[in-house]
Every structure is written in C-alpha cells, then in structure tokens.
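Residue numbers (this note's numbering): 53 to 451.
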Amino acid sequence: MGKTVNPAVYFDFDTPPSRLDSHSVKYGLRQQKFGRQDVLPLWVADMDFSAPPCVQAALAARAKHPIYGYTLADETVFEAIMDWQWRRHGWRVEREWILLLPGVVPGLGLGVQALTSPHEAVVVQPPVYNPIFESALHNGRPVVRNPLDWGSGHHEMNFDHLAAALSQAPSPVRLFHLCNPHNPGGRVWRQDELERLGALCLGHDLIIVSDEIHADLVFPGSKHLPIASLSPELAARTITLNSPGKTFNTAGLHTAYAIIPDPHLRARYLAARQRLHLEGPNLFGLAALKAAYQEGAPWLDGLLTYLRGNLEHACRCMADKLPKLNCQVPEATFLLWLDCRALGLDDASLNQRCIDAGLGLSPGTQFGQEGSGFMRMNVALPHAQLDAALARLTQALVA
Numbered sequence: 053m054g055k056t057v058n059p060a061v062y063f064d065f066d067t068p069p070s071r072l073d074s075h076s077v078k079y080g081l082r083q084q085k086f087g088r089q090d091v092l093p094l095w096v097a098d099m100d101f102s103a104p105p106c107v108q109a110a111l112a113a114r115a116k117h118p119i120y121g122y123t124l125a126d127e128t129v130f131e132a133i134m135d136w137q138w139r140r141h142g143w144r145v146e147r148e149w150i151l152l153l154p155g156v157v158p159g160l161g162l163g164v165q166a167l168t169s170p171h172e173a174v175v176v177q178p179p180v181y182n183p184i185f186e187s188a189l190h191n192g193r194p195v196v197r198n199p200l201d202w203g204s205g206h207h208e209m210n211f212d213h214l215a216a217a218l219s220q221a222p223s224p225v226r227l228f229h230l231c232n233p234h235n236p237g238g239r240v241w242r243q244d245e246l247e248r249l250g251a252l253c254l255g256h257d258l259i260i261v262s263d264e265i266h267a268d269l270v271f272p273g274s275k276h277l278p279i280a281s282l283s284p285e286l287a288a289r290t291i292t293l294n295s296p297g298k299t300f301n302t303a304g305l306h307t308a309y310a311i312i313p314d315p316h317l318r319a320r321y322l323a324a325r326q327r328l329h330l331e332g333p334n335l336f337g338l339a340a341l342k343a344a345y346q347e348g349a350p351w352l353d354g355l356l357t358y359l360r361g362n363l364e365h366a367c368r369c370m371a372d373k374l375p376k377l378n379c380q381v382p383e384a385t386f387l388l389w390l391d392c393r394a395l396g397l398d399d400a401s402l403n404q405r406c407i408d409a410g411l412g413l414s415p416g417t418q419f420g421q422e423g424s425g426f427m428r429m430n431v432a433l434p435h436a437q438l439d440a441a442l443a444r445l446t447q448a449l450v451a
C-alpha cells in the first residue's frame with residue numbers, strides 16, 4: 053500500500069491527526085463503551101483523516117469574523133448543493149426542493165413525525181443503520197421488517213418478502229426507509245433494484261425516505277442513483293436526505309439537507325421542522341459545505357483511492373490470517389461487514405474477544421438481530437493504524 057498521489061495535487065492520508073483534546077465521540081467514549089482506554093476504536097463511522105484543506109481554510113476564514121450569531125443560508129449554499137448533485141450524481145435538483153437540516157438522523161425523525169400517524173407503520177430493511185429503526189420506534193410507530201438476504205458476500209433485497217409484508221401488515225403502512233448506499237453492508241442498489249422497489253412503494257401508496265449520506269463514497273464499478281431521480285412518480289413521493297458530513301469528515305458541524313421535489317410533501321416536512329424550531333443553520337457548517345462542494349472534489353477522489361486500498365488490503369489480510377471470516381470489499385462506504393459466523397462464537401463472545409485484544413468494532417446486532425454473527429469495522433484510517441488493527445483482529449479471532 054503506497055501513498056495516494058494525484059498528478060496535480062497530493063493529499064496526505066498517511067499522517068494521523070492527533071485526537072488529543074478533540075472531544076471525539078470515537079475516542080472519548082472508549083472507557084465507557086469498551087471498559088478500557090487503550091482500545092483502537094473502529095466503530096463509529098467517522099474517519100481518522102483531517103478534513104480537506106479547503107474546508108479547514110474556509111472555517112479559519114469564517115472564524116476570523118468575531119460575531120457568531122444567528123445565521124442565514126445565502127443562495128451560494130443552495131447553488132453548491134445543486135451543482136454537486138448534478139456533477140457527482142447526474143441529478144438536476146431545483147432550488148426550492150432543498151430544506152436545510154441539523155443532520156440526517158434528525159431528518160429521519162422529522163420524516164416519521166411529518167408523514168405518519170401513530171398507528172401507521174414504517175418499513176425498514178435490517179440489518180441497517182440503527183437510527184433508521186429508532187426514528188420509527190422512538191416516535192411510537194409500528195415497524196415492518198423486510199430483512200435483506202446475505203448472499204455471496206453482499207446484501208440483496210427480498211422483494212417477495214416485501215410484497216407479502218406490505219399486504220399482510222397488521223397496521224397501515226405509510227413510510228419506507230431506504231438506505232442507499234447501504235450501511236452497514238456497503239451495497240449500492242442498482243437501477244433495476246430501485247425500480248422494482250419503487251414499483252412496490254407506488255403500488256402500496258408509500259412515501260420513501262432515502263438516507264443517501266454515503267452517496268459520494270462509491271467506488272469505481274458502481275454508480276449511486278438517487279431513487280428520486282428515476283421517475284417523476286418516484287420523485288413525487290420521495291424525501292432524500294444527504295450531508296457532506298460523512299464524505300468530508302465534518303459530521304460534528306451538524307449540517308445536512310433534505311431534497312423534496314413534491315410541494316405538498318415538502319410543506320408537510322417543513323411544518324414539522326418549524327414545530328421543532330430546527331430552521332437555524334450552523335454557520336460553520338454552511339462554510340464547510342460550500343468549500344467542500346465547490347473545491348473538495350480532488351480531495352475526495354484521492355480519498356476514494358486510499359479507502360479502496362485499505363478495504364482491499366484488509367480483505368487480503370483476513371483471507372490469509374482469518375480464512376473463516378467472509379470479508380468482501382463493499383461497493384461503497386469505508387465500512388467492512390465481517391461475516392464471523394463460521395467461527396462458531398455467540399455475539400457476546402465475539403465482541404468480547406475483540407475488546408480483549410484492544411479492538412473496538414460494532415457488533416452486528418446493533419443493526420438488528422439480522423446482524424447476529426457479523427461485525428462492522430471502520431477502515432478509514434492511515435495504513436499503519438489499519439495494520440495495527442488487523443494484527444489485533446487476528447489476535448482476537450485466531451482459534
């Protein structure tokens with residue numbers, strides 16, 4: 053694994069920034085979460101890379117102004133979002149479709165509150181990012197589970213199960229929560245899959261809330277397709293949630309957005325946002341978003357090359373040292389979904405072995421019981437640290 057070099061510019065992903073006094077959730081909760089302070093934490097989905105230089109410069113420039121009061125988003129923010137969606141994903145987004153949010157997770161909860169009644173159910177596809185479950189459960193909505201099938205190292209949608217579940221659900225079903233690209237599995241859903249899913253949602257009069265926060269972290273060979281971009285009919289019943297937070301490692305700036313083409317759907321969502329007084333944007337988050345979307349593409353291209361190298365290296369190492377693990381390079385994200393079932397360990401023992409070896413992963417059951425026997429591993433870190441993590445994983449799981 054060598055350094056990532058762009059002919060025009062070089063970005064250093066090999067030098068780890070110090071996390072000392074950064075108040076990082078990832079590092080600051082080690083004692084509380086794992087019972088020891090020396091765990092290498094590869095659980096929460098943020099990266100051990102510095103944000104792009106353009107973002108750092110934009111934040112430093114904004115910080116020089118001594119007033120940090122209530123802030124308006126000017127038109128350049130919306131232009132940056134529209135231009136990014138077109139250049140990276142080929143999706144023409146209109147200015148009035150965009151609503152700013154403090155995060156994708158609050159956006160999930162807003163969708164449930166705005167578009168469902170307490171007796172109406174929400175469909176989820178486990179194993180899946182746990183706030184997708186929680187956005188329904190914490191708001192008292194019934195959940196309809198449409199588990200994903202784990203085939204030869206990747207997830208597939210079970211459309212027959214979904215059709216039956218929608219027809220037989222004891223409660224009226226109103227909302228479908230899509231995760232695309234998928235977390236934790238790293239699948240980028242193909243057009244034919246999204247079209248088949250969309251037809252079922254149309255046929256059952258469902259609204260789609262699509263979490264697309266990993267859309268920019270897709271590797272060559274796959275292409276992210278916003279489900280709302282596939283047809284006017286799907287656009288009319290879809291809320292797309294996105295943010296630069298995962299892509300550019302700026303999640304702590306709490307800046308995201310919803311894209312809602314249909315004016316009636318948008319009005320209902322906007323009313324829910326107003327009821328919770330979530331209108332005011334983060335002034336530093338706006339500066340970071342504009343800089344990232346306007347100037348960050350070369351950095352992102354270098355990042356994707358580096359991440360792909362990490363993922364491939366990790367899978368090669370596991371095939372050599374831990375052949376019982378099923379580890380496949382995902383189509384997107386910096387997350388490995390490790391199939392540990394052949395080790396014959398229960399979930400608690402699997403997790404504890406990793407902790408005892410000084411490694412903090414995410415247990416698969418965090419994403420639903422369908423994740424039993426799996427672990428999620430974040431590989432967005434410098435090469436040397438990844439090798440240290442792989443050595444600890446080998447120590448934990450070699451019989």
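Heads up, the beta-carbon is just placed ideally off N, CA and C, and yes, glycines get one too.
Given the structure is predicted, the values throughout are model-derived calculations rather than measurements.
Non-local C-beta neighbours of Leu282 in its own chain, meaning closer than 8 angstroms and more than five positions away in sequence, comprise Gln243, Leu246, Glu247 and Gly250, ordered along the chain. In this structure, Asp408 is the residue among Thr417, Asp408, Gly416 and Gln421 with its C-alpha nearest to the C-alpha of Gly87.
Taking every protein chain shown into account, the CB of Ile119 has fewer than 16 other CB atoms within 10 angstroms, so this residue is exposed.
Judged by their CB atoms, Tyr345 and Leu151 are not nearer to each other than the 8 angstroms cut-off. Here DSSP, grouped into helix, strand and coil, assigns Met427 to strand. Less than 8 angstroms separates the beta-carbon of Ala366 from that of Leu388. In this model, Asn294 and Leu153 are separated by some 9 angstroms (Cα to Cα). DSSP assignment within the segment 91 to 177 yields the following whole alpha helix (DSSP H) runs of 4 residues or more, N-terminal first: 105 to 115, 127 to 141 and 156 to 167. DSSP places Val180 in the coil class of the three-state scheme, outside both helix and strand. By the beta-carbon neighbour count (other beta carbons within 10 angstroms, threshold 16), Asp257 is exposed. The continuous stretches of alpha helix (DSSP H) do not include Tyr62, and DSSP gives it neither H nor E. Secondary structure at Val196: strand, using DSSP grouped into helix, strand and coil.
Unbroken beta strand (DSSP E) stretches of 3 residues or longer found wholly inside the segment 226 to 252: none. Rounded to the nearest angstrom, the gap between the Cα atoms of Phe336 and Phe300 is 14 angstroms.
As for any beta strand (DSSP E) of minimum length 3 sitting wholly inside the segment 245 to 311, the runs are 259 to 263, 290 to 294 and 308 to 311, ordered along the chain. In this structure, the alpha-carbon of Cys379 lies about 48 angstroms from that of Gly121.
Rounded to whole angstroms, the separation of the alpha carbons of Gly203 and Asp391 is 11 angstroms. Looking at the DSSP output, Ser414 bridges to Arg428.
At a Cβ-Cβ threshold of 8 angstroms, Leu363 and Asp268 do not count as neighbours.
Sequence-distant Cβ neighbours of Thr446 in its own chain, meaning closer than 7 angstroms and more than five residues away, are Lys373 and Leu374.
Under DSSP, the beta-bridge partners assigned to Asn378 are Asp391.
Residue range Ala349 to Lys373 is occupied by the alpha helix (DSSP H) that includes Pro350. Looking at Met99, Asp73, Pro222 and Ala287, the one whose alpha-carbon comes closest to that of His316 is Ala287. When Cβ pairs closer than 8 angstroms are counted between the two stretches, the segment 65 to 76 is seen not to touch the segment 307 to 315, the count staying below three.
Under the criterion of beta carbons closer than 8 angstroms, Arg147 and Phe130 qualify as touching, at roughly 5 angstroms.
For the 8 angstroms CB-CB criterion, Arg393 and Leu449 do not form a contact. With a 10 Å radius around the Cβ and a threshold of 16 neighbouring Cβ atoms, Gly142 comes out exposed. For the pair Arg327 and Thr168, the Cα-to-Cα distance works out to about 15 angstroms. The shortest C-alpha to C-alpha distance from Leu442 to any of Thr417, Gly412 and His306 is the one to Gly412.
Within 10 angstroms of the beta-carbon of Lys275 lie fewer than 16 other beta-carbons, which makes it exposed.
Residue state for Ala221 is assigned as coil, using DSSP reduced to three classes. Just so you know, the alpha carbons of Cys253 and Gly416 end up roughly 28 angstroms apart.
Between Ala384 and Val270, the C-beta gap is smaller than 8 angstroms, which places the two residues in contact. Counting C-beta atoms within 10 angstroms of its own C-beta, Ser70 has fewer than 16 neighbours from the protein chains shown and is therefore classed as exposed.
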